[in-house]
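Structure first, then comments.
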Amino acid sequence: MEETLEAFNELITEGKVRAIGASNFKAWRLERARQIAERNHRQSYSAIQQRYSYLRPKSGWDFGDQVAANQDLFEFIEDTGISLVADSPLLQGAYTNPNKEFKEQYQGPDTDIRLAILDKIAAETGATRNQLVYYWLMNRKPNAIPLIAATTDEQFEEAVGSLELELSEDMLKAMTEAKF
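Numbering-wise (the working numbering), the sequence shown opens with residue 1075 and increments by one.
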């Protein structure tokens, strides 16, 4: 890890990059990198990209090489100010494509109630489920930067439309606290 951080810091010194980020690290590994960087007077990671969406994965689910954001990471982010980049926030289109089912790891005990809350708020506001997922990620604590992957102009416009949403605190709270 020291060699990696040193190589990244050389790129920063050369002006080739402004900041460095990690992907699929657990919170303890980010803390280790932060300590190494501090000890060597180097810049540490300023962002972490993790699998993260409005629906919560089942507890203990194994994503293989990917790491899902969890409470340990949220606490680390709050303590250090590192940015969270939400990978796969729309779960490969499952929120809005009736031909796609949510993968098994996202079919947890609170999935139905969380989807019902999305549908209720969508009906009240005219927003899509996708826009509400993006909005929630950007406005909850800790907030996240959704990684957007649009394959059509319509998908891109839908994503941009989430920036124009204005939901009440009660709506955001209902989305956040929805559970079985």
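Backbone N, C-alpha and C define an ideal beta-carbon position, used for all residues, glycine too.
Closest by C-alpha distance to residue i, when choosing among the options
i: Arg-1100; options: Ala-1093, Tyr-1119, Arg-1092; result: Going by the sequence as given, residue 1100 is Lys instead of Arg. It is Tyr-1119.
i: Gly-1235; options: Arg-1203, Ala-1081, Leu-1246, Lys-1177; result: Arg-1203
i: Glu-1198; options: Gln-1140, Asp-1244, Glu-1077, Phe-1230; result: Asp-1244
i: Lys-1194; options: Leu-1241, Ala-1224, Leu-1237; result: Leu-1241
i: Leu-1129; options: Glu-1077, Leu-1189, Thr-1170, Leu-1237; result: Leu-1189
Chain-order list of residues whose beta-carbon lies under 6 Å from that of residue i (same chain, five-residue window excluded)
i: Pro-1220; result: Ala-1160, Pro-1163, Tyr-1208, Leu-1211
i: Ser-1127; result: Pro-1163, Leu-1165
i: Ser-1091; result: The sequence shown places Val at residue 1091, rather than the Ser named in the question. If we look at Val-1091 and ignore the five residues flanking it on each side, its Cβ neighbours are Leu-1085.
i: Ala-1142; result: Arg-1125, Pro-1131
i: Gly-1095; result: Tyr-1119, Ala-1121
i: Gly-1138; result: none
i: Gly-1089; result: none
i: Gln-1140; result: Asn-1098, Arg-1125
Span separating the alpha-carbon of residue i from that of residue j
i: Gln-1181; j: Gln-1145; result: 19 Å
i: Asn-1114; j: Lys-1215; result: 31 Å
i: Lys-1253; j: Ala-1111; result: 39 Å
i: Ala-1248; j: Met-1075; result: 41 Å
i: Ile-1191; j: Ile-1222; result: 22 Å
i: Pro-1172; j: Ser-1097; result: 30 Å
i: Thr-1226; j: Phe-1082; result: 34 Å
i: Asp-1184; j: Gln-1205; result: 20 Å
i: Ile-1156; j: Gln-1123; result: 11 Å
i: Ala-1093; j: Asn-1213; result: 23 Å
i: Asp-1136; j: Leu-1246; result: 29 Å
i: Ile-1187; j: Arg-1106; result: 38 Å
i: Leu-1239; j: Glu-1232; result: 11 Å
i: Gly-1200; j: Phe-1230; result: 17 Å
i: Ala-1224; j: Ala-1218; result: 18 Å
i: Thr-1250; j: Ser-1133; result: 17 Å
Same chain only: Cβ atoms within 7 Å of residue i, ignoring 5 sequence neighbours per side
i: Thr-1154; result: Arg-1108
i: Phe-1148; result: Pro-1216
i: Ala-1196; result: Thr-1202, Arg-1203, Leu-1206
i: Ile-1151; result: Leu-1158, Pro-1216
i: Thr-1170; result: Thr-1202, Arg-1203, Asn-1204
CB-CB length for residue i against residue j, believed under 8 Å
i: Arg-1116; j: Leu-1079; result: 6 Å
Spatial neighbours of residue i in its chain, beta-carbon cut-off 8 Å, leaving aside the 5 residues before and after
i: Ala-1168; result: Lys-1174, Glu-1175, Phe-1176, Lys-1177, Tyr-1180
For the region 1107 to 1188, list the alpha helix (DSSP H) runs that are entirely contained and at least 4 residues long, ordered along the chain.
1145 to 1154
Would you list, in sequence order, the uninterrupted alpha helix (DSSP H) runs of no fewer than 4 residues that lie entirely inside the region 1192 to 1245?
1203 to 1213, 1227 to 1235
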